[in-house]
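Peer 1: Take 22 as the starting number for the sequence shown in this note's numbering and just add one per residue.
All residues carry an ideal CB built from backbone N, CA and C; glycine is no exception.
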Amino acid sequence: MKSNKILNILIAVIAIIGAFLFIRIFMEDVDTLKVDGDLQNKVISPIIYFSTILFYAAVVIAIVLSLWNLIRNPQNLKKTLLGIGVLGVVLIVAYFMSDTQAVLDTQGEVLPGGEEGSTTNKWVGTGIIYSIILGAIASLFFVYDLVKGLIKS
């Protein structure tokens, strides 16, 4: 119960700080805010820094708690490592399926950085194929689950 109170207080403090920073933006003249760089730094930068800090804190907390849970429960660790291994195999398959052809714009000219043989092209192609493979697998499981649900009904 005590940790719940602390969490609620922490959430309230974060909300109050965010509201204060947000209200500061609306207290300024819109036209002046658009053109005055010093005013933008004074008013907008703090809320951006605050949001960035909250984002990084959320990421770190999520990773730490996930790792802590994996360490405490070895069965989940085995399943997680198996899942990561399968994703790694799918990534390797996608990498070998991708190509390094030149990337062209609408006029048929090669885009800067999109030259044939570029590693960027290879990894972008890998990401696209990886997404397609995972999407296809997810679709198959969705259809399987749908059919299984219809048969049970």
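1) Helix, strand or coil for Leu132, going by three-state DSSP, please let me know.
2) How long is the line joining the alpha carbons of Ile65 and Thr127, rounded to whole angstroms?
3) Alpha carbon to alpha carbon, how far is Val145 from Ile175? Give it in angstroms, no decimals.
4) Measure the beta-carbon distance from Ile150 to Met118 and round it to whole angstroms, keeping in mind my assumption that it falls under 8 Å.
5) CB-CB under 6 Å to Val111, same chain, minus the five flanking residues each way: which ones, in chain order?
6) Are the segment 65-82 and the segment 30-43 touching by the rule of at least three beta carbon pairs closer than 8 Å?
7) For Asn142, count neighbouring C-beta atoms within 10 Å of its own C-beta (all shown protein chains included) and say buried if the count is 16 or more, exposed if not.
Peer 2: Taking the definition as stated:
1) coil
2) 38 Å
3) No information on residue 175 is available, as it lies outside the stretch 22 to 174 that the chain covers here.
4) Separation of the CB atoms of Ile150 and Met118 is rounded to 5 Å, and the pair is thereby assigned contact status at 8 Å.
5) These residues qualify, in order along the chain: Ile154.
6) Between the segment 65-82 and the segment 30-43 there are three or more C-beta pairs closer than 8 Å, enough to call the two in contact.
7) Buried.
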